[in-house]
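One structure below.
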Amino acid sequence: MALDAGNERLERGQEEAGREDGYQVIAERVQRVVAEWLAEEGWEDVPVCRLERPAEEAHGDYATPVCMQMAKAARRSPRALAEQLRDRLLADAGVARAVESIEVAGPGFLNFTLNRAAFAEAMCEMLRTGDDFGRGVSRPHPAVNLEFVSVNPNGPLHVGHGRYAAYGDSLQRVLRFAGMNVATEFYINDYGRQMDRFGRSVAARYAQSFGVDLAVPEDGYQGEYVRAVAAGIRAEVGERFVEVLRFVADGAVGATPDEVAAASAGGGAEVAGSRTPGSGRAAPPNADSASEALVEAPYDEEAEEEAEVAEGLLGEWPDEPAVKEAVAFFRARGCRAMLEGMRAELESFGVVFDCWFSETSLHAGGRLERVIERLLEMGEAYREGDAIWLRTTSRGDDKDRVLIRSNGVPTYFAADIAYHEDKLERGFGHLINIWGADHHGYVPRMKAAVEILSGRAGTLEVIIGQLVNLLEGGALKQMSTRRGEMVTLSELTEAIGVDAARFFLISRSQDQTLDLDLDLARRQSQDNPVYYVQYAHARIASIIRNVPAGTEPAVNETGRVFVTPYERALIKRLESFPDMIQDAADRRAPHRIAGYAQELAADFHVFYKHCRVIGVAPEESASRLALCLVTKRVIARCLDLVGVSAPESM
RNA sequence: GCGCCUGUAGCUCAGCUGGAUAGAGCAACGGACUUCUAAUCCGUGGGUCGCAGGUUCGAAUCCUGCCAGGCGCGCCA
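Each residue of the first sequence is one higher than the last, beginning at 19 in this note's numbering.
Structure, rendered in structure tokens:
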């Protein structure tokens with residue numbers, strides 16, 4: 019995990035959610051009995067007793083290693099302690115009622131085997147809870163803002179962005195299901211030199227479509243998609259900007275050799291300065307405030323058109339008011355077009371943001387000046403030379419960071435501070451940002467800034483996701499938005515489908531770099547484990563369709579049900595679902611849900627092979643139908659949490 | 001040089017806030033469809049968990065050092 023050390027964890031959402039299933043009851047009873055015993059004997063330094071679910075079936079349904087941990091304090095052998103603890107536990111009515119046997123095993127483990135009634139009871143409970151099974155209980159906690167994807171709107175989304183979209187969206191779903199109040203946010207990096215270059219690139223393509231010989235700037239965006247953007251604008255405004263751009267084209271032709279050389283040297287050096295492929299900066303979400311506003315108007319177009327960056331807007335183009343106006347226009351329209359494309363693409367990918375927040379709006383609204391003024395008044399920012407700095411070293415950063423450059427232009431960092439101040443003022447008490455690994459050097463200063471703004475450490479949590487490598491024929495290929503070299507998210511989803519793509523992207527820990535070979539993915543898409551899980555769901559749906567009228571899911575706790583190991587294995591897996599959810603939420607690890615879903619599907623397929631639901635004794639049929647029903651709900655829930663559909667038939 | 005992430009089966013990866021004989025999928029090989037969907041199931045082979053120390057009753061997991069790969073260390077974004 020790449021969660022920051024020292025990050026303040028949100029309170030566990032559901033520890034005492036009042037669960038009545040076997041695990042919870044036994045775990046609590048065992049803990050109590052052990053605690054009493056320890057107090058009686060005066061043994062100290064014994065860790066809290068944990069009840070585990072052994073991987074090995076021979077080790078029972080639950081197990082605890084606590085006797086080995088007690089051995090030192092007790093100065094007795096673990097097995098002797100285990101014998102004694104077993105007797106104490108069997109004397110406890112709550113434990114005795116649910117347990118078939120308790121055995122001392124191995125070096126001193128205590129293994130619990132549940133009786134039939136306990137399984138039936140667990141099943142009843144899960145059936146009764148319905149669709150809410152596994153849902154965490156909401157308890158007081160700060161509103162959480164989850165920011166992810168957050169890219170420059172100057173190119174299509176590529177698979178790297180897709181990975182962050184899949185991860186962030188799934189995390190959001192998991193956190194909500196675990197009981198937290200979460201809002202998602204997309205920070206639009208629509209300000210700065212990259213966007214200026216993009217604006218000129220769109221303008222050039224527009225001019226070219228009229229036969230004007232105006233090249234896309236060397237430091238601009240060469241991708242074919244820019245032509246489409248330009249065509250869209252042409253359809254809207256016709257010839258309105260042709261003359262201005264023809265003027266630019268003629269001017270460029272007339273440039274002196276020195277000017278051309280200087281321009282291309284500058285352009286070449288900036289390649290590394292553009293946002294690295296695969297990077298994603300995430301922004302925090304918003305509780306229940308209106309979030310559609312920015313979807314309607316992703317940013318203030320007027321402000322955007324007026325936002326002239328002193329340097330860079332025009333590049334080597336002539337500095338004339340009409341040219342400036344044109345570039346600002348193309349930048350704004352191009353940005354809007356890209357954003358609309360992204361929003362649509364993300365939506366078809368199953369990712370919908372609560373809020374789209376424009377960086378430009380921070381500059382236009384005076385928000386940035388205000389926060390810097392505030393920081394100066396607080397004494398956290400200071401002037402040195404012609405620049406203004408933030409004292410981030412007071413909160414763990416390596417060096418202080420510039421907010422306003424000597425030339426008066428604010429840094430990206432300054433805008434980000436204003437943005438995070440805005441999130442805090444909107445009422446979010448906990449901010450989670452998902453960033454690409456190429457931004458991890460930015461973490462300390464941002465955490466320092468948020469600590470200064472919020473007055474406490476731990477308000478900002480940054481999750482670093484590793485990058486996606488693009489492979490072609492086994493060889494690594496560098497992605498570049500500027501050069502238009504990438505595998506786009508839509509290429510991936512067209513090749514293998516949304517479900518397979520999301521499952522593929524979410525199945526790996528975000529801590530792991532991901533190699534993607536599109537040809538390989540296409541060839542192997544039929545092997546995608548997502549179909550294995552979905553097939554289990556469809557099979558259950560089929561059973562339910564075929565059940566004769568009159569058969570209802572029911573569990574007779576005293577009856578002869580769940581006698582096969584296949585049923586028991588399935589029940590145990592289902593019973594562990596709430597703990598798995600809590601774990602996935604706590605550790606920000608939605609990939610665990612994909613893994614769990616596969617295990618659950620496997621348990622079901624085995625059950626299916628050995629246990630008939632239809633055509634057996636009524637009581638057995640009813641109990642197995644109940645088992646199917648709960649399994650179906652949990653599979654559907656898992657699939658939903660990773661953003662994948664749960665088909666009724668395949 | 002410093003910091004973060006990673007190194008587990010032929011391949012892709014789980015497991016990492018310490019537990020029992022290290023798992024899954026794919027690939028290879030051999031079986032199972034007159035029964036609720038064979039996109040399934042059953043079986044076989046496959047490992048110095050990068051290396052070396054340390055802590056512990058117990059280490060893939062924690063600590064230290066080393067090796068290898070990725071990313072980062074701007075008055076860039």
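Think of the CB as a built atom: it goes at the ideal place given N, C-alpha and C, for glycine as much as any other residue.
So, with DSSP's three-state summary, where would you put residue i?
| i | result |
| --- | --- |
| K495 | strand |
| S508 | helix |
| A449 | According to the sequence provided, residue 449 is Leu. The question's Ala does not apply to it. Note: L449 maps to strand in three-state DSSP. |
| A300 | In this predicted model, A300 has a pLDDT of only 30, less than 50, meaning its place in the structure is not dependable; the value taken from the coordinates is given anyway. Correct three-state label for A300: coil. |
| D372 | coil |
| R153 | coil |
| S119 | strand |
| A201 | strand |
| F265 | helix |
| E570 | coil |
| G454 | strand |
| L657 | helix |
| L332 | coil |
| L364 | helix |
| E70 | strand |
| L232 | coil |
| E503 | strand |
| A554 | helix |
| D337 | coil |
| D533 | strand |
| A280 | Because the pLDDT at A280 is just 36, under 50, the model does not fix this residue reliably, and the point stays unresolved. |
| Y317 | Caution is warranted here: a pLDDT of 42 is assigned to Y317, below 50, making its placement in the model unreliable, and the coordinate value is therefore given only provisionally. Coil. |
What are the start and end residues of the beta strand (DSSP E) that includes residue i?
| i | result |
| --- | --- |
| T82 | Y80 to T82 |
| L536 | No beta strand (DSSP E) holds L536; the alpha helix (DSSP H) holding it covers L536 to Q542. |
| V244 | Run containing V244: none in the beta strand (DSSP E); it sits in the alpha helix (DSSP H), Y243 to V255. |
| N129 | F127 to L132 |
Counting along the chain, where does the alpha helix (DSSP H) carrying residue i start and finish?
| i | result |
| --- | --- |
| G217 | R211 to Q226 |
| G483 | It is not in any alpha helix (DSSP H) - G483 instead sits in the beta strand (DSSP E) that spans L478 to G483. |
| V461 | V461 to S472 |
| N487 | Segment V486 to E490 is the beta strand (DSSP E) holding N487; no alpha helix (DSSP H) there. |
| V565 | Unbroken run through V565: none, as it is neither H nor E. |
| E439 | Y430 to E443 |
| F521 | V516 to I524 |
| E97 | Inspection of the sequence shows that residue 97 is occupied by Arg rather than by Glu. Its alpha helix (DSSP H) spans residues P96 to L108. |
I think residue i touches residue j, with their Cβ atoms under 8 Å apart; what is that distance to the nearest whole Å?
| i | j | result |
| --- | --- | --- |
| A554 | I422 | In fact, because the Cβ distance is near 58 Å, the residues do not count as touching under 8 Å. |
| D187 | G368 | 7 Å |
| E575 | A140 | About 10 Å; that fails the 8 Å criterion. |
| A267 | V230 | 5 Å |
| L103 | V52 | 7 Å |
| E509 | L536 | 7 Å |
| A201 | G447 | That belief does not hold up - the Cβ atoms of A201 and G447 are roughly 12 Å apart, past 8 Å. |
| V662 | R520 | 6 Å |
| L364 | N163 | Contact flag wrong, Cβ pair sits at about 18 Å. |
Could you check whether the Cβ of residue i sits closer than 6 Å to any heavy atom belonging to the ligand SAM?
| i | result |
| --- | --- |
| R578 | For the ligand SAM, the structure offers nothing, since it holds no ligand at all. |
Problem set entry | Length at least 4, wholly inside the segment 576–653: the alpha helix (DSSP H) runs in chain order | 583–593, 595–604 and 609–628
For this session: Take every Cβ of the segment 162–171, pair it with every Cβ of the segment 399–412, and state whether three or more of those distances are shorter than 8 Å.
Result: no
For this session: Decide yes or no for the touch test of the segment 553–571 against the segment 106–116: beta carbon pairs closer than 8 Å, at least 3 of them.
Result: no
Exercise. Is the segment 538–549 touching the segment 194–210 in the sense that three or more CB pairs, one from each, lie closer than 8 Å?
Worked result: no
Problem set entry | Segment contact flag, the segment 194–201 with the segment 145–159, C-beta cutoff 8 Å, min 3 pairs | yes
Problem set entry | beta strand (DSSP E) segments (min. 3 residues) lying fully within the segment 158–188 | 162–165
Problem set entry | In chain order, each beta strand (DSSP E) run of at least 3 residues that lies wholly inside the segment 371–422 | If we require 3 residues or more, the beta strand (DSSP E) runs fully inside the segment 371–422 come out as 373–376, 399–402, 405–408 and 419–422.
Exercise. Is the number of C-beta pairs between the segment 433–449 and the segment 368–382 that are closer than 8 Å three or more?
Worked result: Contact between the segment 433–449 and the segment 368–382 is present: 3 or more CB-CB pairs across the two stretches fall below 8 Å.
Exercise. Can we say the segment 505–513 touches the segment 462–478, given the rule of at least three CB pairs closer than 8 Å?
Worked result: no
Problem set entry | Cβ contact check for the segment 340–360 and the segment 171–179: 3 or more pairs under 8 Å | yes
Problem set entry | Meets three-Cβ-pair contact criterion under 8 Å: the segment 46–60 and the segment 566–585 | no
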